[in-house]
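Please read the structure below before turning to the comments.
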Amino acid sequence: MTQTDASNHSEQIRLFKFRRVTERLYESIENSTLWCSKPSRLNDPFDCQLDLMNSWKRAAARATGKQKEWMNAPMETMAFIHAWPIQFENVGVLSLTSEQLNPLMWSHYADEHRGVCLLYQFSPAFVEEPTSGIIGLAEVKYSADALTDWLLEHQCTSFQDFIQQLIPVYLTAKDPAWAYEKEVRLVTFAEGELKMPPRSLAQVCFGMRTPTTEIDRIMKLASEHGGCGSFCQIKRSQSHDFGITAVPL
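This is the structure we're talking about:
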């Protein structure tokens with residue numbers, strides 16, 4: 475997978491994770507881990523599970539010239555298409571976002587402002603480390619026909635080249651209805667816990683409704699186990715009727 479723009483080698487990657495307050499959150503902070511779910515457990519049944527055969531047929535029907543000839547090639551191509559979904563059934567997916575002040579994300583993924591938004595900061599080397607178990611990190615591409623359009627426009631130099639370029643397209647395509655999430659997706663070779671680098675939890679931001687008891691407990695955990703020293707809470711902003719801002723605690 476291609477790296478997100480945030481992974482410039484001269485800069486740290488900074489990404490957010492919205493969470494509900496549960497025992498799993500406490501364990502995640504205490505152990506510096508994040509869970510990567512396999513595609514069948516995600517809330518969108520299309521994530522990493524697009525119908526390549528259908529997209530291929532639709533693209534082939536619109537293709538012309540050499541592109542059409544190549545897409546209509548039998549045997550090897552068809553066997554590859556049928557086998558394609560199986561290899562991604564058990565990959566792990568961690569959904570992050572590039573934006574903290576998103577009202578929809580606070581309501582949908584942070585338990586209606588009763589949860590938190592965690593900021594993780596880490597080096598690109600963490601993603602690229604061979605022993606990390608990470609396939610890659612990339613921004614999600616929002617398009618109604620992301621896979622079909624790519625198949626139609628891709629200029630294939632070799633079958634191997636085609637496969638290598640298809641992987642990130644397949645794993646990061648998403649319907650435009652989800653564009654508000656501004657997702658950056660980290661994919662691992664297998665479902666399970668991803669051990670984050672030491673002190674990578676850079677900030678914890680609490681929602682407008684996060685209970686004080688939970689704020690105190692999380693701040694203590696994050697400070698003692700994650701080395702986190704930055705905390706804030708979402709408040710109403712005077713910028714406009716529905717404005718929100720993060721106020722340091």
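Quick note, in the working numbering, the sequence shown goes up one by one and the last residue is 723.
Built from N, CA and C at the ideal position, the CB exists for glycine as well.
Residues near residue i by beta carbon distance below 7 Å, same chain, minus five either side
i           : result
residue 549 : At residue 549 the pLDDT is 49, less than 50, meaning the model places this residue with poor confidence and gives no usable figure here.
residue 655 : 571, 579
residue 577 : 716, 718
residue 558 : 526
residue 534 : 542, 545, 546
Close-in-space but distant-in-sequence residues of the same chain around residue i (CB under 6 Å, 5 per side omitted)
i           : result
residue 541 : none
residue 481 : Caution is warranted here: a pLDDT of 44 is assigned to residue 481, below 50, making its placement in the model unreliable, and the coordinate value is therefore given only provisionally. Closer than 6 Å at the Cβ level, and outside the excluded window around residue 481, lie 487, 598.
residue 660 : 568, 611
Residue from the options with nearest C-alpha to residue i
i           : options            : result
residue 700 : 505, 604, 496, 635 : 505
residue 522 : 691, 493, 545, 560 : 560
residue 579 : 692, 682, 722      : 682
residue 601 : 496, 658, 524, 534 : 658
residue 644 : 607, 665, 513, 666 : 513
residue 519 : 538, 648, 693, 690 : 648
residue 615 : 635, 652, 539, 638 : 652
residue 529 : 555, 638, 517      : 555
residue 625 : 515, 532, 495      : 532
residue 485 : 637, 596, 646, 668 : 596
residue 564 : 517, 623, 665, 496 : 665
residue 672 : 495, 508, 496      : 508
residue 667 : 631, 607, 629, 633 : 607
residue 662 : 510, 497, 495, 640 : 510
residue 670 : 538, 605, 537      : 605
residue 524 : 646, 536, 686, 708 : 646
residue 536 : 516, 627, 587      : 627
residue 710 : 562, 539, 552, 587 : 587
Residue(s) in a DSSP beta bridge with residue i
i           : result
residue 594 : 489, 675
residue 710 : 718
residue 680 : 590, 707
residue 507 : 669
Residues of its chain near residue i, where Cβ-Cβ distance is below 8 Å and the 5 sequence neighbours each way are ignored
i           : result
residue 493 : 499, 502, 583, 584, 589, 590, 591, 592
residue 574 : 490, 591, 593, 679, 720
residue 691 : 500
residue 712 : none
residue 634 : none
Beta carbon proximity, residue i to chain C, threshold 8 Å
i           : result
residue 542 : The chain inventory of the structure shown lacks chain C, comprising one protein chain alone.
- prompt: Within the chosen definition, does the region 613-630 reach the region 697-714 through at least 3 CB pairs nearer than 8 Å?
  reply: No: the two stretches stay apart, fewer than three of their Cβ pairs being nearer than 8 Å.
task: Tell me the start and end of each unbroken alpha helix (DSSP H) in the region 609-661 that is at least 4 residues and wholly inside, in chain order.
output: Listed in chain order, the complete alpha helix (DSSP H) runs (minimum 4 residues) inside the region 609-661 are 620-627, 633-646.
task: Ignoring anything shorter than 4 residues or poking outside the region 534-592, list the alpha helix (DSSP H) runs there in chain order.
output: Secondary structure within the region 534-592: the alpha helix (DSSP H) runs of 4 or more consecutive residues, fully enclosed, are 539-545, 550-557, 577-583 (chain order).
message: Three or more C-beta pairs under 8 Å: does that hold for the region 670-680 against the region 701-709?
response: Result yes; three or more Cβ-Cβ pairs closer than 8 Å.
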